[in-house]
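Position 41 (the sequence shown) corresponds to 101 in this note's numbering; numbering is contiguous.
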Amino acid sequence: MPTSVSLDGLSKVYPSGVTAVQGLDLHIDAGEFMVLVGPSGCGKTTALRMVAGLEQITAGTLRFGNQVVNEVPPRRRDVAMVFQSYALYPHLSVAQNIGFALENRKLPRAERDRRVRAAADILGLSGLLGRKPRQLSGGQRQRVAMGRAIVREPTIFLMDEPLSNLDAKLRVQMRTEVLTVHRRIGAATLYVTHDQIEAMTMGDRVAVLRGGILQQAARPRELYDRPANVFVATFIGSPAMNLYEAGLEVTGDSAELVLGSQRLSLPPATAKRASGLAAFGGGRVIVGIRPEDLACPAAAGASAEPGASLSVDVQLVEVLGSEKLVHFTIDARRVRDEAELSGHGAEGDGVTDGVTATEAASGVARIEPRARVRAHGRAVLTVDVQRLYFFDPETGLALG
Numbered sequence: 061m062p063t064s065v066s067l068d069g070l071s072k073v074y075p076s077g078v079t080a081v082q083g084l085d086l087h088i089d090a091g092e093f094m095v096l097v098g099p100s101g102c103g104k105t106t107a108l109r110m111v112a113g114l115e116q117i118t119a120g121t122l123r124f125g126n127q128v129v130n131e132v133p134p135r136r137r138d139v140a141m142v143f144q145s146y147a148l149y150p151h152l153s154v155a156q157n158i159g160f161a162l163e164n165r166k167l168p169r170a171e172r173d174r175r176v177r178a179a180a181d182i183l184g185l186s187g188l189l190g191r192k193p194r195q196l197s198g199g200q201r202q203r204v205a206m207g208r209a210i211v212r213e214p215t216i217f218l219m220d221e222p223l224s225n226l227d228a229k230l231r232v233q234m235r236t237e238v239l240t241v242h243r244r245i246g247a248a249t250l251y252v253t254h255d256q257i258e259a260m261t262m263g264d265r266v267a268v269l270r271g272g273i274l275q276q277a278a279r280p281r282e283l284y285d286r287p288a289n290v291f292v293a294t295f296i297g298s299p300a301m302n303l304y305e306a307g308l309e310v311t312g313d314s315a316e317l318v319l320g321s322q323r324l325s326l327p328p329a330t331a332k333r334a335s336g337l338a339a340f341g342g343g344r345v346i347v348g349i350r351p352e353d354l355a356c357p358a359a360a361g362a363s364a365e366p367g368a369s370l371s372v373d374v375q376l377v378e379v380l381g382s383e384k385l386v387h388f389t390i391d392a393r394r395v396r397d398e399a400e401l402s403g404h405g406a407e408g409d410g411v412t413d414g415v416t417a418t419e420a421a422s423g424v425a426r427i428e429p430r431a432r433v434r435a436h437g438r439a440v441l442t443v444d445v446q447r448l449y450f451f452d453p454e455t456g457l458a459l460g
């Protein structure tokens, strides 16, 4: 029967004093596909291993449904794991690899064969059951590893970067296949990846970790449109959001951002959307601009609107067929997440609040492919000022 998974204040502290996961609160509904994402060493695999029972929980409560399972041994948790490495037995056939765990459990041969055939049918392996792993492609081997988990008919699936060994094209194909299997099985799934594109395209919800601490858990669209802080804003989205330190001048209902020698006028609706923005009037804020919210007016034969454009120095133009990426610099102060600058983010490292501004005022714009923009020249980019993001420069938290 499908069940939910609840992590209530889950923490892991190693004997050395290193804190890998700190106070993790997360609930995965029965049948939900939850993705844990974050940079290498952020604690996501440690969290997965605590759910599996492979790491002892230092503090907090882990529940499957209404049952507390902190002290339940791994073999009794009814959890199936799929790892980055396929870990197939080279001397066994596909069918024997898939059914190995069932044979160890002494299931009757007829039941074992039924489950193996059912899993092979789901994964498109029916014609390969007699082959050895060396006769399979990387994608087929990954399917066999998934089949080995499926035949156990678990209530919970745990997947630790299962697609990272595949080439880019096969990863895209396997994402669809993993989700198809998930829908057919209907078990709660916790999926770990460092790839934010994989997370955004696969997850019903996505949980972002940094330094063992949960930053935000939400549906992919909400995560993209309403990041909770600077870290989530820069981690989610490719190319990453452009972040700049800006002065804020407020006069009545109107407001202006001062970015170096340039100004952006904010319509009243934008100022009202970011609750608390007015409190920073006369001071500084962090403003975020998604690359797709910058455009080249010349591409559409229009002129840039006063107060809604930036003059930039183009450094590089990447032609990608369906779009162009324009790498530029402006005379403003670019902001990056402080943990990234100081090397924080490894398991157990503390997380420093705030952000740091740098003089490397670079940025990226995603524009339409027919726009005439040349490297090593000047360009004017219009800004969709109704889609700006604002953050507190001291805490890095989103305003509104």
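Every residue, glycine too, gets a C-beta built ideally from N, C-alpha and C.
Would you identify the three-state DSSP class for residue i, choosing helix, strand or coil?
i      : result
Thr118 : coil
Glu131 : coil
Tyr284 : helix
Ser363 : Note that Ser363 scores a pLDDT of 49, beneath 50, so its modelled location is shaky and nothing firm can be said.
Val440 : strand
Asp452 : coil
Glu163 : helix
Arg177 : helix
Arg137 : coil
Ala399 : With a pLDDT of 44 at Ala399, under the threshold of 50, the modelled position of this residue cannot be trusted, and the question is left open.
Thr240 : helix
Ser224 : coil
Thr330 : helix
Asn302 : strand
Ser153 : coil
Spatial neighbours of residue i within its chain, please: C-beta separation below 8 Å, excluding the five flanking residues on both sides.
i      : result
Tyr284 : Met260, Ile296, Gly297
Pro327 : Val445, Gln446
Arg235 : Leu223, Glu258, Thr261, Met262
Gln144 : Asp220, Glu221, Pro222, Ser224, Asn225
Classify residue i as buried or exposed, calling it buried when 16 or more other Cβ atoms lie within 10 Å of its own Cβ.
i      : result
Lys384 : buried
Ser369 : buried
Gly271 : buried
Val204 : buried
Phe340 : buried
Gly456 : buried
Pro150 : exposed
Ala315 : buried
Arg201 : buried
According to DSSP, what are the bridge partners of residue i?
i      : result
Tyr74  : Answer is none; Tyr74 lacks a bridge partner.
Met234 : Paired residues: none, contrary to the question.
Lys384 : Val379, Ile427
Arg201 : None; Arg201 has no bridge partner.
Met262 : Its beta-bridge partners do not exist; DSSP assigns none.
Glu309 : Glu316
Met219 : Val142, Tyr251
Gln322 : Leu319
What residues in its chain sit with their C-beta under 6 Å from that of residue i, if we drop five residues either side in the sequence?
i      : result
Gly391 : A small correction: the amino acid at residue 391 is Asp; Gly does not occupy that position in the sequence shown. Around Asp391: Gly320, Ser321.
Arg279 : Arg265
Ala90  : Pro62, Thr63, Ser64, Ala248
Ala406 : Here Ala406 scores only 37 on pLDDT, less than 50, and its place in the model should not be relied on; the value that follows carries that caveat. So the list reads Gly101, once near-sequence residues are dropped.
Leaving out five residues on either side along the sequence, give the residues of the same chain with a beta carbon under 7 Å from the beta carbon of residue i.
i      : result
Val318 : Ala306, Gly307, Glu309
Ser382 : Pro429
How about the region 98 to 113 and the region 73 to 88: do they share at least three Cβ pairs that are nearer than 8 Å? With the cut-off at 8 Å, the region 98 to 113 and the region 73 to 88 touch.
Check whether the region 447 to 460 touches the region 377 to 384, counting contact only when three or more Cβ pairs, one atom from each stretch, lie closer than 8 Å. Fewer than three beta-carbon pairs drawn from the region 447 to 460 and the region 377 to 384 are found closer than 8 Å, and the two stretches are therefore not classed as touching.
Is the region 112 to 126 close to the region 274 to 289, with three or more CB pairs under 8 Å? Contact between the region 112 to 126 and the region 274 to 289 is absent, because fewer than three Cβ pairs lie under 8 Å.
Determine, using beta-carbon pairs with one atom in the region 213 to 220 and one in the region 187 to 204, whether at least three such pairs fall under 8 Å. Three or more beta-carbon pairs separated by less than 8 Å are not found between the region 213 to 220 and the region 187 to 204, which leaves the two stretches without contact.
Can at least three beta-carbon pairs, one atom from the region 173 to 186 and one from the region 116 to 134, be found at a separation below 8 Å? Counting C-beta pairs closer than 8 Å gives fewer than three between the region 173 to 186 and the region 116 to 134, which falls short of the contact rule.
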